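I have placed the structure first, in the form of structure tokens, so that the comments after it can refer back to it.
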Amino acid sequence: MAKHTTLYQHGTLALLVPGLLTGTITMADLLKHGDTGIGTGDGLDGELIILDGKPYQVDHSGKVNVVPKSFTLPFANSHFARYAPLAELENVDQDELDKQMLSLSRAANTFFSVEVKGTFANIKTRAVEKSTPPYDTLAKTAENQSIFTRDQIGGTLLGYYSPQLFDGAAVAGFHEHFLSDDHSFGGHVLGFHLVKGEVTYQLFDTLEQHLPVNNKAYMAHDFSKDDILGSIHKAE
């Protein structure tokens, strides 16, 4: 039976910082824990968004691909969707939308997911080009990214909010990806203006944190030498 109050997370953003970018979970295994989610591929191969059980990747060229179940990821979130209405909003920028979602949800100290379906203007997204071993750091790898923009487009914004208490395991605050209704555009969200949209949310009381213990590089790495928070906030 699906656990609608559980957020599943494979890996941490912290492990990406020193360049532990190897895919350590397959899409098939990730989908066992949710029909909705976001993540990135092996070597930071694009930006992933899972909607209604279908995994889409926005690659470095901007193309939207449906990835196979063998596709691997070093970091991902997933959950079984059961969203509840939060608000209908219009004419708000990303920062204002995030503030309103946080205020209306009254959930600053726990994890929750948001889904916004509507019309977006001046939306800017990004996707990183896949790198190959030996991997560079997150900050260096993330420099090789493509930026995509649309003046106005309809689509779905899917995001997760992580409380300050868990900064490092995830990025504190909102982490949002986007996919257009026509599947022609998407990626990791850098900014937008919401023309009009229906905002829903889903509250979690449980974080199921899964770590890649079978990955030798991860198990042997000394994270005390890494600027984890600085690197995460710079890359995000």
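Counting in my numbering, the sequence shown runs from 8 upward without gaps.
Using N, Cα and C, we set each Cβ at its ideal position, and we do this for glycine too.
Remember, predicted model here, so these are calculated numbers, not experimental data.
Put simply, the backbone Cα of Gly41 is about 24 angstroms away from that of Gly204. Apart from sequence neighbours up to five positions away, the residues of its chain that approach Val74 with a beta-carbon distance below 8 angstroms are Met34, Gly48, Leu55, Pro62, Tyr63 and Gln64, ordered along the chain.
Of the residues assessed, Ala227 falls on the exposed side of the cut-off, its CB having fewer than 16 other CB atoms within 10 angstroms.
Short of 7 angstroms from the beta carbon of Asp174, and not among the five residues preceding or following it, lie these beta carbons of its own chain, in chain order: Leu236. The DSSP-derived three-state label of Thr126 is strand. Secondary structure of Ala83 (DSSP, three-state): strand. No Cβ-Cβ contact shorter than 8 angstroms links Phe181 with Thr13. A distance below 8 angstroms separates the beta carbons of Leu214 and Phe118. Taken in chain order, the complete alpha helix (DSSP H) segments of 4 residues or longer contained in the stretch 132-212 are 145-149. As computed with DSSP, Leu55 is found in a beta bridge with Gly46 and Gln64.
The three-state reading of DSSP puts Asp102 in helix, counting H, G and I together. Non-local beta-carbon contacts of Glu243 in its own chain, meaning distances under 6 angstroms to residues more than five positions away in sequence, involve Val178 in chain order. For a cut-off of 8 angstroms, the C-beta gap from Gly50 to Ser138 is around 4 angstroms, short enough to register as a contact.
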